[in-house]
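First up is the structure itself, then whatever we jot down about it.
2 protein chains.
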Amino acid sequence: MSGALTIHEAAETTGWSPRMLRYIERIGLLVLRRSESGYRLYGPEELQRLRTLRELLAEFDVGLTDIGFALRMRREPELERAVDAWFETEPRRPQDVPADEWLRWEQDKHQKLIPATPPTLEPV
Amino acid sequence: MSGALTIHEAAETTGWSPRMLRYIERIGLLVLRRSESGYRLYGPEELQRLRTLRELLAEFDVGLTDIGFALRMRREPELERAVDAWFETEPRRPQDVPADEWLRWEQDKHQKLIPATPPTLEPV
DNA sequence: CGAACCTTGACAAGGGTTTGGTAAGGTAGG
DNA sequence: CCTACCTTACCAAACCCTTGTCAAGGTTCG
């Protein structure tokens, strides 16, 4: 086999395990070409996306299912519209929420889960 | 208390349990006013959003955490940008990728391919 | 005052997610 | 032909999400 990498080679250069590479394909985050005999083929584009995905998850402390949901919203415009509509109904104005209360919530939320990344949030 | 409902009353008219109403607030999906003594106050807008949220989850079979992630993307533009960027199939230039990898890719470009299975998936 | 609310915090059970491992069988290439 | 890879399918441990419930204490109001 020449050219594209097989799953173990892809695992080495991307930092994912072969098991996770199959999982990532299974949840729809990456569509892979297959060789005639059914082997997954990882080209440079796929490898780069896998590396970027890794950084994305680490940097923002999100999970694969989160990205899976983002994908679902992109694929299902109805879903995206429904979610957008839900967020836009009756936007609560900032002065409705005391600033210190809001800050306290965000601190609590992150102090257990995300030690590394500070929220950097703006009052909407 | 000026017309707003307390948590048990809100639970009855929205179909959520009091426990879940607190949970929904905790994950940031709803910001509630509080009475002087700290009681959560549910006004007509909150009640409507809670009903809509219920329908949203049921209709599309998504979870509260999914909506929580959508909320995070709205609050953290960096995250949204990163996710959007990942989904873009960016045009791949050779310098994005190690030279030998690119070479192997070029050599393999015309290999016969088996189309990937459509990304619609059953749960594992 | 006392009943019936409310608050936060904690424990827990059931189910889904994540990730690895292993097994049975097909494929690639020296 | 042999070895090392690949495939799918299943079992499993560790974790997280969902949801209920209970405890200790504050509030409302008859």
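The listed protein sequences correspond, in order, to chains A and B.
Be aware that the first sequence starts at 1, since it is given in the working numbering, and climbs by one per residue.
Be aware that the second sequence starts at 1001, since it is given in the working numbering, and climbs by one per residue.
Just so you know, even glycine gets a beta-carbon here, dropped at the ideal spot from N, CA and C.
Because the structure is a prediction, the values reported are computed rather than measured.
Other residues of its chain near Met1073 of chain B: CB distance less than 8 Å, five sequence neighbours each side excluded: Leu1079, Glu1080, Val1083
Own chain partners of Arg1034 of chain B with C-beta closer than 8 Å, once the 5 adjacent residues on each side are dropped: Hits under 8 Å: Arg1040, Leu1041.
Return the first residue and the last residue of the alpha helix (DSSP H) that Ala1058 of chain B is part of. For Ala1058 of chain B, the enclosing alpha helix (DSSP H) begins and ends at 1044 to 1060.
Chain A residues whose Cβ lies nearer than 9 Å to that of Leu1053 of chain B: Trp86
May I ask which residues mark the beginning and end of the alpha helix (DSSP H) holding Trp86 of chain A? 77 to 88
So, is the C-beta of Leu56 of chain A closer than 8 Å to a C-beta in chain B? Contact of Leu56 of chain A with chain B is assigned, a C-beta pair being separated by under 8 Å.
To the nearest angstrom, how far is the alpha carbon of Leu21 of chain A from that of Thr1065 of chain B? 24 Å
Would you report the Cα separation of Ser17 of chain A and Ile7 of chain A, rounded to the nearest angstrom? 9 Å
So which residues on chain B does Thr89 of chain A lean against when the C-beta distance must stay under 9 Å? Glu1045, Gln1048, Arg1049, Thr1052
Leu1005 of chain B by DSSP, collapsed to three states: which one? strand
Mind listing the chain B neighbours of Arg74 of chain A? Cutoff is C-beta to C-beta under 7 Å, in chain order. Phe1087
Spatial neighbours of Gly3 of chain A in its chain, beta-carbon cut-off 6 Å, leaving aside the 5 residues before and after: none
Between the CA atoms of Gly28 of chain A and Arg75 of chain A - distance to the nearest angstrom: When rounded, the distance between both Cα atoms is 11 Å.
Pick from B:Phe1060, B:Leu1053, B:Ala1058: whose alpha carbon is nearest that of Glu88 of chain A? B:Leu1053
Looking only at DSSP bridge pairs, what is Leu1041 of chain B linked to? DSSP, once it has assigned bridges, lists B:Arg1033 as partnering Leu1041 of chain B.
Nonlocal neighbours in the same chain, by C-beta distance under 8 Å from Trp86 of chain A, ignoring five residues either side: none
What's the gap between the Cα of Arg1051 of chain B and the Cα of Arg1026 of chain B? If you take the alpha carbons of Arg1051 of chain B and Arg1026 of chain B, they lie about 17 Å apart.
6 Å CB neighbourhood of Gly1068 of chain B in its chain, flanking five on each side removed: Ile1027
Give me the residue from B:Arg1019, B:Gly1063, B:Leu1030 with the minimum Cα distance to Glu1046 of chain B. B:Leu1030
Give the interface partners of Ile1067 of chain B over in chain A, defined as CB-CB distance under 8 Å, in chain order. Val83, Trp86
Nearest to Ala947 of chain B (by Cα), restricted to the options B:Ala1010, B:Leu1005, B:Gly1015: Outside the modelled stretch of chain B, which goes from 1001 to 1124, sits residue 947 of chain B, for which no answer is possible.
Between Leu944 of chain B and chain A, is there a C-beta pair that is closer than 8 Å? Absent from the model: residue 944 of chain B. The displayed extent of chain B is 1001 to 1124, so no value can be given.
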